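Taking the working numbering, the leading residue of the sequence shown gets 19, the next gets one more, and so forth. We put the CB at the ideal spot given by N, CA and C, even for glycine. Since the structure is predicted, the reported quantities are computational estimates derived from the model, not experimental observations. Presented below is the structure to which this report refers.
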Amino acid sequence: MSYSELAERVNEVTSRISAAVARGGHAQSVRIVAVTKTHGPEAVDAAWGAGIRDVGENKVQEATGKMDQVHHQVSWHLIGHLQRNKVKSLDRFTLFHALDSARLAEAVSRHGIDRGRQVDVLVQVNVTGEETKGGYANEELRAEAERMMTLEGVRILGVMTMARHESDETQLRAAFAVARDARQILSAAGHPATELSMGMSGDYEVAVQEGATIVRLGTTLFGARET
Ligand SMILES: *Cc1c(COP(=O)(O)O)cnc(C)c1O
C-alpha cells in the first residue's frame, strides 16, 4: 500500500477537527493518534512524514514488533486490552488507553511502583452497555474512583471510550457525554483527569464536538485495514 495521500488526509482531518471544536464550544486542543494496526512500519514512518507524532496500536506484540522497525521517534499509545502478565510492556508506551478492570489496575500500579515511575493510563468506560465491550460503567466508576486514588503506581489522566458503530448522531452525542461525565467523576475524586480519548474514523467529528482531546483514527487516514 502507498501512503502518498496521507498528508492530504491529515490536513483534511485537522480542518474538520478545528471546525468541530468551534461548533462544540469546549475550546479544547485535540491530538490525533494514528492507528496503524494491520499496517506495516512504513505506515508509521509515513504518518511521521505527514506531521503525526502519536501512533496507536491495539495489540502489544504487533506494536513492539513495529517499534523496532520504524525510523522515526513517535509516541506509542496502547489502545487495546492488556493482559495482566504483560504490564511490563507498558514501558514502551506513552499512554495506555484501556484500563478496564480493578485487577488490571492493581497489576499496572504494582509495575509502576516497581519501576519507580507512575504509568500513565486512561480508564476505559463502557458507554453503550454492550457486553462485548470492556470498561467501567459510570456507576462502577463512582464506587471505584476514590479507591483508585490509592493506586500509587498509576496516574489516571482521563478516560477512553468507544461508541456503538451503528449509532445516529443523537445517540453518539449521548454516549460521548457519558464519557465526559466519567472524566468528571475521576477528577472529582482527585485524579488529574483531563483527557477524553474518543472518536474513531466514523464518529470523530461528533466526539470532538463533545469534547474529545484525543481521537484515534485508522481507516480515514490509511484506508481499509490490511489483513
Ligand atoms: C482500530 C481502532 C481504532 C481506529 O478505528 P478506525 O475506525 O479505523 O478509525 C480506534 N480505537 C480503537 C480502540 C481501535 O481498536
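Chain-order list of residues whose beta-carbon lies under 6 Å from that of residue i (same chain, five-residue window excluded)
i	result
Arg27	Leu239
Ala25	Ala68
C-beta neighbour in chain C for residue i, strict 8 Å
i	result
Leu96	Absent from the structure is chain C; it holds one protein chain and no more.
Cβ-heavy atom distance, residue i to ligand 1, below 7 Å
i	result
Ile97	yes
Val53	yes
Met167	no
Arg110	no
Met180	yes
Met218	yes
Gly152	no
Asn144	no
Arg234	yes
Thr237	yes
Asn14	With the chain covering 19 to 245 only, the question about residue 14 has no answer from this structure.
Burial state of residue i, where buried means 16 or more other Cβ atoms lie within 10 Å
i	result
Asp221	buried
Met166	buried
Thr168	exposed
Ala69	Looking at the sequence shown, residue 69 is not Ala but Gly. Label assigned to Gly69: exposed.
Asp138	buried
Gly134	exposed
Arg121	exposed
Gly147	exposed
Thr179	buried
Gln79	exposed
DSSP three-state assignment for residue i, whether helix, strand or coil
i	result
Gly42	helix
Ile232	strand
Gln87	coil
Met178	strand
Val196	helix
Gln7	A question about residue 7 goes unanswered here, because the residues of the chain that appear run from 19 up to 245.
Asp118	coil
Gln142	strand
Tyr21	coil
Ser215	strand
Leu108	helix
Arg27	helix
Leu190	helix
Ala242	coil
Ser185	coil
Residues near residue i by beta carbon distance below 8 Å, same chain, minus five either side
i	result
Arg110	Ala81, Thr82, Met85, Trp94
Thr112	Asp72, Ser93, Trp94, His95, Asp138
For residue i: DSSP bridge partner residues
i	result
Asp72	Val51, Ser93
Ser33	Answer by DSSP bridge pairing: none, since Ser33 is not bridged.
Val172	Val137
Leu113	His95
Tyr154	Val143
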